[in-house]
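S.K.: Let me give you the structure first, and then I'll get to my questions.
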Amino acid sequence: MLTDSPPRKANLPAFTESDRITTLDLPQDGILVTIAKSIESAMESGAGSDCRRACTEFLHAASNFYKVPDCDIRVLAARPLRVRENWTTEIFGDYSPETMLIRLWMRTAVRKEITSFGTFLSTLCHEFCHHLDFQRFGFADSWHTRGFYQRAAALYHHARGTAPKRLFWAPVAGGRWRIDWPRTNRSA
Ligand SMILES: [Zn+2]
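And the structure:
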């Protein structure tokens, strides 16, 4: 994991704020944990429509908790070869701030690798955190800052029912950071 380069002046305050916010309120009622389990079962049974339904439920519960508008989701069999501009694109998903649509795919385009449940849920949480950046924090853009990754990890570990992990970072050129895995894993 690597952070984005700091943006130009106008967006720098929001970027710095995104970098600084390393915690995220989490629902105390376990609803996301329950729904995450149904996503896992749907993936195991290979039912795409069940998987999409469970993801929709997850996003609805999360949007409700964070008091943001609902976002929509599409679960695709494979990654589209052409990915639109202005979408933040990861290996297993993307998010469009204009349409508030998350897309997740079960396989990568080139190597056709199947996404594991852990990666799938982690991508779902990651894309939802882009949604939060625009709708809850009101940022003009959604950067991959250290804070962003930490918030996405908090949501993921909560939903997965695993212990939260503090991320440690090492500086790289251009004001960017890469995750220091040995240190991060040692502290877990
Ligand atoms: Zn992203």
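Its first residue numbered 950, the sequence shown is counted upward by one per residue in our numbering.
Backbone N, C-alpha and C fix where the C-beta goes; we use that ideal spot for every residue, glycine too.
Taking the alpha carbon of D953 as the point to measure from, which residue in H1080, Y1044, I1051 and G1096 has its own alpha carbon closest?
M.R.: Taking the sequence shown and counting its residues from 1, the one referred to as residue 953 is at position 4. The candidate whose alpha carbon is nearest that of D953 is G1096.
S.K.: Since G1087 and P955 should fall inside the 8 Å C-beta cutoff, what is the C-beta to C-beta distance between them, to a whole number of angstroms?
M.R.: The residue you call residue 1087 lines up with position 138 of the sequence shown. The residue you call residue 955 lines up with position 6 of the sequence shown. No, G1087 and P955 are not in contact; Cβ-Cβ is about 19 Å, not under 8 Å.
S.K.: Could you give the DSSP three-state label for D1082: helix, strand or coil?
M.R.: Start at 1 with the first residue of the sequence shown, and residue 1082 comes out as number 133. It is helical.
S.K.: For Q1099, which residues of its own chain have a beta-carbon under 7 Å away from its beta-carbon, when the five flanking residues on both sides are left out?
M.R.: Indexing the sequence shown from 1 puts residue 1099 at position 150. Within the same chain, Q1099 has close Cβ partners T971 and L1116.
S.K.: Please return the same chain residues whose Cβ sits closer than 7 Å to the Cβ of T1072, not counting the five positions on each side in sequence.
M.R.: In the sequence shown, residue 1072 corresponds to position 123, counting from 1. Contacts found: E1039, F1041, G1042 and L1053.
S.K.: By a C-beta neighbour count over all protein chains shown, 10 Å radius and 16 as the cutoff for buried, is W1092 buried or exposed?
M.R.: Locating residue 1092 in the sequence shown gives position 143, where the first residue counts as 1. W1092 should be labelled buried.
S.K.: Assign I1022 to one of three DSSP states: helix, strand, or coil.
M.R.: Within the sequence shown, residue 1022 is the residue found at index 73, counting from 1. Of the three classes helix, strand and coil, the one that applies to I1022 here is strand, per DSSP.
S.K.: State buried or exposed for W1126, treating a residue as buried only when at least 16 other CB atoms are found within 10 Å of its CB.
M.R.: Locating residue 1126 in the sequence shown gives position 177, counting from the first residue. So W1126 ends up on the buried side.
S.K.: For the alpha helix (DSSP H) holding V982, just list the boundary residues, first then last.
M.R.: Residue 982 sits at position 33 when you count from the first residue of the sequence shown. It spans I980 to S994 - the alpha helix (DSSP H) in which V982 sits, taken as one unbroken run.
S.K.: Return the CA-CA distance between G995 and L1081, expressed in angstroms with no decimal places.
M.R.: In the sequence shown, counting from the first residue as 1, residue 995 sits at position 46. In the sequence shown, counting from the first residue as 1, residue 1081 sits at position 132. Taking the straight line from one Cα to the other gives about 29 Å.
S.K.: In the DSSP assignment, what residue or residues form a beta bridge with A1027?
M.R.: The residue you call residue 1027 lines up with position 78 of the sequence shown. Per DSSP, R1056.
S.K.: Go through its chain and collect everything with a Cβ distance to L975's Cβ below 6 Å, but skip five positions before and after it.
M.R.: Translated into the one-based positions of the sequence shown, residue 975 becomes position 26. Closer than 6 Å at Cβ, skipping near neighbours: H1107.
S.K.: The alpha helix (DSSP H) spanning G1123 covers which residue range?
M.R.: Reading the sequence shown from its first residue, position 174 is the one you call residue 1123. Here G1123 belongs to no alpha helix (DSSP H), and DSSP marks it neither H nor E.
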